[in-house]
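Q:
Number of protein chains: 2
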Amino acid sequence: MGLSFEHVTLGQRVLFGSGQAAENLASEVERLGARKVMVIASEQGRATAEQVTARIEVARFYDDLAPHVPIDKAEKARTAAREGGVDLLVCVGGGSTTGMAKAVALTCGLPVVAVPTTYAGSEATNVWGLTEASRKTTGVDDRVLPASVIYDAGLTLSLPADLSVASGLNALAHCIDSMWAPRADPINQALATEGIRALRRGLPAVRNDPQNLEGREQALYGCYLSAVAFASAGSGMHHKICHVLGGRWNLPHAQTHAVVLPYVLAFNAGAAPEAARRIAAAFGTEDPVAGLDSLRGALAAPRALKDYGLTAGDLPEAVRLILPVIPESNPRPVTGENLLELLSAALNGTAPAAPPSHPHTH
Amino acid sequence: MGLSFEHVTLGQRVLFGSGQAAENLASEVERLGARKVMVIASEQGRATAEQVTARIEVARFYDDLAPHVPIDKAEKARTAAREGGVDLLVCVGGGSTTGMAKAVALTCGLPVVAVPTTYAGSEATNVWGLTEASRKTTGVDDRVLPASVIYDAGLTLSLPADLSVASGLNALAHCIDSMWAPRADPINQALATEGIRALRRGLPAVRNDPQNLEGREQALYGCYLSAVAFASAGSGMHHKICHVLGGRWNLPHAQTHAVVLPYVLAFNAGAAPEAARRIAAAFGTEDPVAGLDSLRGALAAPRALKDYGLTAGDLPEAVRLILPVIPESNPRPVTGENLLELLSAALNGTAPAAPPSHPHTH
Numbered sequence: 001m002g003l004s005f006e007h008v009t010l011g012q013r014v015l016f017g018s019g020q021a022a023e024n025l026a027s028e029v030e031r032l033g034a035r036k037v038m039v040i041a042s043e044q045g046r047a048t049a050e051q052v053t054a055r056i057e058v059a060r061f062y063d064d065l066a067p068h069v070p071i072d073k074a075e076k077a078r079t080a081a082r083e084g085g086v087d088l089l090v091c092v093g094g095g096s097t098t099g100m101a102k103a104v105a106l107t108c109g110l111p112v113v114a115v116p117t118t119y120a121g122s123e124a125t126n127v128w129g130l131t132e133a134s135r136k137t138t139g140v141d142d143r144v145l146p147a148s149v150i151y152d153a154g155l156t157l158s159l160p161a162d163l164s165v166a167s168g169l170n171a172l173a174h175c176i177d178s179m180w181a182p183r184a185d186p187i188n189q190a191l192a193t194e195g196i197r198a199l200r201r202g203l204p205a206v207r208n209d210p211q212n213l214e215g216r217e218q219a220l221y222g223c224y225l226s227a228v229a230f231a232s233a234g235s236g237m238h239h240k241i242c243h244v245l246g247g248r249w250n251l252p253h254a255q256t257h258a259v260v261l262p263y264v265l266a267f268n269a270g271a272a273p274e275a276a277r278r279i280a281a282a283f284g285t286e287d288p289v290a291g292l293d294s295l296r297g298a299l300a301a302p303r304a305l306k307d308y309g310l311t312a313g314d315l316p317e318a319v320r321l322i323l324p325v326i327p328e329s330n331p332r333p334v335t336g337e338n339l340l341e342l343l344s345a346a347l348n349g350t351a352p353a354a355p356p357s358h359p360h361t362h
Numbered sequence: 363m364g365l366s367f368e369h370v371t372l373g374q375r376v377l378f379g380s381g382q383a384a385e386n387l388a389s390e391v392e393r394l395g396a397r398k399v400m401v402i403a404s405e406q407g408r409a410t411a412e413q414v415t416a417r418i419e420v421a422r423f424y425d426d427l428a429p430h431v432p433i434d435k436a437e438k439a440r441t442a443a444r445e446g447g448v449d450l451l452v453c454v455g456g457g458s459t460t461g462m463a464k465a466v467a468l469t470c471g472l473p474v475v476a477v478p479t480t481y482a483g484s485e486a487t488n489v490w491g492l493t494e495a496s497r498k499t500t501g502v503d504d505r506v507l508p509a510s511v512i513y514d515a516g517l518t519l520s521l522p523a524d525l526s527v528a529s530g531l532n533a534l535a536h537c538i539d540s541m542w543a544p545r546a547d548p549i550n551q552a553l554a555t556e557g558i559r560a561l562r563r564g565l566p567a568v569r570n571d572p573q574n575l576e577g578r579e580q581a582l583y584g585c586y587l588s589a590v591a592f593a594s595a596g597s598g599m600h601h602k603i604c605h606v607l608g609g610r611w612n613l614p615h616a617q618t619h620a621v622v623l624p625y626v627l628a629f630n631a632g633a634a635p636e637a638a639r640r641i642a643a644a645f646g647t648e649d650p651v652a653g654l655d656s657l658r659g660a661l662a663a664p665r666a667l668k669d670y671g672l673t674a675g676d677l678p679e680a681v682r683l684i685l686p687v688i689p690e691s692n693p694r695p696v697t698g699e700n701l702l703e704l705l706s707a708a709l710n711g712t713a714p715a716a717p718p719s720h721p722h723t724h
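These protein sequence lines map, in sequence, to chains A and Z. In terms of my numbering, the first sequence is residues 1 to 362. In terms of my numbering, the second sequence is residues 363 to 724.
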């Protein structure tokens, strides 16, 4: 019952303020003493990047990007940075843009200032990813952690509501799943709890009105915390299930997460009372499952995997593939039987059931 | 009403586990690749330091320490580290010991692994302090932030209950006051909330039985979070009041904090609903003031400044000295009149009053 953990806090400066990106970036560039800034942004994101960098001197805009950071694109960008005598990378955009800045930082050791314009969360982690011949390699290196992140919810206003809610539900899954992930500890649990609270406030507001700046701020802040918590705690049961379903049956990422999450929460809550208490408190409800359910209702989140092509016949194989990858840290033992039950319920969208042995959590 | 903040997260590794200090230290020394370790510990702390460093090679034990890190002692230690070719500082002890390691790191740039044996909290901050001719200089420098902190509640079992509770109440004051300190933001508020929760659980357990390891763990964990939150958010109204009272009338530090805290909380809570909500949730009560009051009752905390030598005649001067140093960030405007009221109540130990304009918070 003792408190025992190892927690690594990643050092990073976060500047958060709507409409303040250009100003905050200028102050960061000055603080870091940078003289040759390479701005990484996609062609479509160029106008935003120019607006954000209006108050700094830019040595070069770099836009030769592609999703998942192909290694040859990364090599070209590294050469450009090296030959240009660049001393700071500023990335303005979504996950692929941040990913490219990280790929350059990985070998060049340059500091990165990230200005995210989506809810990707990559800017808050020390995880990098590269793709070669359609194989993705990922790794962890503190050199790729952006020194500073500048959040400006104004830059996210053009994200469509559907995509925003899908990203937000994914972030919510990171927060909830990190409660019982392999490296879960009270510190990343507290940050995940704060993330749930922010997402619970922000996402319905964004859904109702994508131009609602306060909602955007809460959603962006919650997504940041979800990335911090997830990077710290690792992947739990929920992410293992979704990874298998997505990989084997090509189910859509966001929808799979949205459907599976309440089933994993109901499955684990009774065996993880401290996590359940934190999640419920963040939702402002007595019961964590009820809290999540009410949020999903407000967001009109998808409710059944059968709507995305999974069939009952797939479930035995799913159980076989998922069972061996469930983390040992999972608070409730997972068996072929209770996993099949969970997946059947998620398939059909029936109400998530608490385990019979823990009736008090329902 | 927008969300706007700048939050600096200090990168640090925390290894927390009772009875695991020697093991965790060995793994940190290996991870850091250190070959010449100087262990800083007081003469009285030597036995503990030897126990904690039993599994590593120690180049030198250094024990020429004094409270508040006199500059000449720091210079001697720096010379010893330099001449000894030291590549890692390990400090085992309380605030003065950690302070000496920081003083050496400040000029030598050596990494520090801190093994705290008290609730001082200095190990979690980038603040250093040096004393020259009885003048204290403090500063902030990331070089003095310990790379790793190893918490072992077993090392705190010999701390007397009274001292432990006094330190813990001081940590609680850091948590609560950081809610409205100049650099308060939702991230350090969330960490402060988690700190309150841990202290609320740990301190009564330690008071009832100083050998209660679970209580010690919660208290130690809470003190760590209070230091993180306070270093991030800065000094609020409470600390400004206590600093003036302690400096001008030589009131005892811990007791002054314990008495003043509920009055500041009651004063501000109605004007800071989000902070009040967080504090109440951490106490598990509806009302934050009631939650704090119940904890103070369980701890038999001191209740009136008059018991420590302050008199009604001192209050006008106290108001004059305190008024100009109240941070602008304070959620409720402070006037000579309401400050005098607050101090009078704290002097006499009468029940903390919520402001009349916010009757719903009482």
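Beta carbons: idealized from backbone N, C-alpha and C, even for Gly.
(1) Classify residue 134 of chain A as buried or exposed, calling it buried when 16 or more other Cβ atoms lie within 10 Å of its own Cβ.
(2) Can you check which of these residues, A/144, A/167, A/197, A/127, is closest to residue 138 of chain A by C-alpha distance?
(3) Looking at residue 183 of chain A and residue 202 of chain A, is the spacing between their C-beta atoms short of 9 Å?
(4) Tell me the residue span of the alpha helix (DSSP H) that contains residue 628 of chain Z.
(5) Counting only beta-carbon atoms, is residue 549 of chain Z nearer than 9 Å to chain A?
(6) Since residue 529 of chain Z and residue 480 of chain Z are thought to touch, with beta carbons under 8 Å apart, how far apart are those beta carbons, to the nearest angstrom?
(7) With a threshold of 16 other CB atoms inside 10 Å of the CB of residue 123 of chain A, please say whether the residue is buried or exposed.
(8) Measure the C-alpha to C-alpha separation of residue 160 of chain A and residue 576 of chain Z and round it to an integer number of angstroms.
(9) For the candidate residues Z/405, Z/541, Z/440, Z/491, whose alpha-carbon lies nearest to that of residue 641 of chain Z?
(10) Could you check where the alpha helix (DSSP H) with residue 239 of chain A kicks off and where it finishes?
(11) What is the rounded straight-line gap between the Cα of residue 144 of chain A and the Cα of residue 121 of chain A?
(12) Residues of chain Z with CB under 7 Å from residue 16 of chain A, in chain order?
(13) Counting along the chain, where does the beta strand (DSSP E) carrying residue 513 of chain Z start and finish?
(14) What's the gap between the Cα of residue 514 of chain Z and the Cα of residue 187 of chain A?
(15) How would you label residue 197 of chain A, buried or exposed, when you count the other beta carbons within 10 angstroms and need 16 or more for buried?
(16) Between which two residues does the alpha helix (DSSP H) holding residue 385 of chain Z run?
(17) Applying a beta-carbon distance threshold of less than 8 Å, which residues of chain D neighbour residue 583 of chain Z?
(18) Answer with yes or no whether the minimum CB distance from residue 217 of chain A to chain Z is below 9 Å.
(19) Would DSSP call residue 110 of chain A helix, strand or coil?
(20) Given residue 711 of chain Z, which residues of its chain have a CB within under 6 Å of its CB, disregarding the five upstream and five downstream residues?
(21) Of all the residues that make up the stretch 186-208 of chain A, which are near chain Z by a beta-carbon distance shorter than 8 Å?
(22) Going by Cα to Cα distance, which pick from A/285, A/16, A/95, A/9 is closest to residue 366 of chain Z?
(23) Which same chain residues, not among the five before or five after residue 583 of chain Z, have their C-beta less than 6 Å away from its C-beta?
(24) Near residue 264 of chain A, what residues of its chain come up, given a Cβ to Cβ distance below 6 Å and the 5 sequence neighbours on each side ignored?
(25) Using the DSSP secondary-structure output, state which residues sit across from residue 490 of chain Z in a beta bridge.
(26) With residue 274 of chain A as the anchor, note down where its alpha helix (DSSP H) starts and where it stops.
(27) Classify residue 671 of chain Z as helix, strand or coil using the three-state DSSP reduction.
(28) Count the other C-beta atoms from every protein chain shown that fall within 10 angstroms of the C-beta of residue 520 of chain Z, then say buried if there are 16 or more, exposed otherwise.
(29) When you compare each of Z/381, Z/629, Z/670, Z/376 to residue 612 of chain Z by their alpha carbons, which one comes out closest?
(30) From Z/510, Z/473, Z/461, Z/467, pick the residue whose C-alpha is nearest to that of residue 493 of chain Z; which is it?
(31) Name the one or two DSSP bridge partners that residue 116 of chain A has.
(32) Does any residue of chain Z bring its CB to less than 9 Å from the CB of residue 286 of chain A?
(33) If the criterion is Cβ atoms closer than 9 Å, does the pair residue 511 of chain Z and residue 454 of chain Z meet it?
(34) On the criterion of 16 or more Cβ atoms from any shown chain inside 10 Å, does residue 359 of chain A qualify as buried, or is it exposed?
(35) For residue 218 of chain A, which of helix, strand or coil comes out of DSSP?
(36) Does any CB atom of chain A fall closer than 9 Å to the CB of residue 370 of chain Z?
A: In this structure, then:
(1) exposed
(2) A/127
(3) no
(4) 615-631
(5) yes
(6) 7 Å
(7) buried
(8) 48 Å
(9) Z/541
(10) 237-249
(11) 14 Å
(12) 365, 366, 367
(13) 510-513
(14) 17 Å
(15) buried
(16) 383-394
(17) In the displayed structure, chain D is absent; the protein chains listed are A and Z.
(18) yes
(19) coil
(20) 665, 666
(21) 186, 187, 190, 191, 193, 194, 198
(22) A/16
(23) 560
(24) 237, 238
(25) Z/501
(26) 273-283
(27) coil
(28) exposed
(29) Z/670
(30) Z/461
(31) A/93
(32) no
(33) no
(34) With a pLDDT of 44 at residue 359 of chain A, under the threshold of 50, the modelled position of that residue is not reliable, and the figure given next carries that caveat. Exposed, because fewer than 16 other Cβ atoms sit within 10 Å of the Cβ of residue 359 of chain A.
(35) helix
(36) yes
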